[in-house]
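In this note's numbering, the protein residues as written are 305 to 480. Beta carbons: idealized from backbone N, C-alpha and C, even for Gly. Quantities reported herein were computed from a predicted structural model and do not represent experimental measurements. To start, the structure under review is shown below, and the notes come after it.
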Amino acid sequence: AVVVSKDVWDGGVRSISTESLKSIYENKLTNWQELGGPNRRIIFFNKEPGRGTWEVFVHWLYGNSSKAPNIYHPEVGANAEVRTKVSRTPGAISYVSVEWADQKSIFPLGLITETSEAVQPMLEAMASGAYPLSRSLILVTDGAAEEETEILIDFMRSQEGQALVSKHGYQPLGQP
């Protein structure tokens with residue numbers, strides 16, 4: 305999900321268009337006031353290139369990660385770092401796995417579609433493709449899974465494992 309700091313959210317920015325987000329990424333839009341928000345400089349935190357969320361984000365914006373311009377933004381790593389940086393930086397925006405958008409310290413923005421509808425980052429919208437910033441989570445092994453790994457895989461596919469998947473904000477297997 306695309307997320308913003310509390311001051312931006314409280315200032316009225318609740319959704320964003322692809323074009324506005326691209327303009328922010330390319331440093332063409334620099335103040336939240338231009339989007340109906342507070343008179344505050346936009347601080348964009350970018351994930352490190354090569355991270356899965358970075359790939360999803362730039363592929364969505366540019367159609368291919370190789371088409372993303374090489375523009376400097378302060379870089380952040382894991383989701384916890386994104387939440388910390390965005391929550392502690394007035395005017396901040398970034399993107400993070402949706403379950404990290406706690407709606408207390410960082411807030412997820414709706415994405416404005418071509419029909420001017422704001423699609424919220426909800427599981428149903430992600431599963432249907434209506435919210436385009438999503439990806440599958442997969443377990444990968446290097447060759448045939450060893451016994452301990454098979455136990456983990458079997459657990460993750462079980463009802464109990466899928467309940468954990470759901471508890472942590474992800475879409476369980478077999479649900480649209």
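Check: ILE347 and TRP336 closer than 8 Å at C-beta; Outcome: no
Check: Beta-carbon proximity list for LYS326, same chain, < 6 Å, skipping 5 on both sides; Outcome: LEU365
Check: Residue range of the alpha helix (DSSP H) that includes ALA465; Outcome: A small fix is needed here, since residue 465 is Gly in this sequence, not Ala. Start and end: 463-471.
Check: For SER321: DSSP bridge partner residues; Outcome: ILE416
Check: Contacts around ILE416, its chain only, beta-carbon distance under 6 Å, and the 5 residues preceding and following it disregarded; Outcome: SER319, SER321 and ALA422
Check: contact_flag[the stretch 347-363, the stretch 388-403] where n(CB pairs < 8 Å) is 3 or more; Outcome: yes
Check: For PHE349, the three-state DSSP class (helix, strand or coil); Outcome: coil
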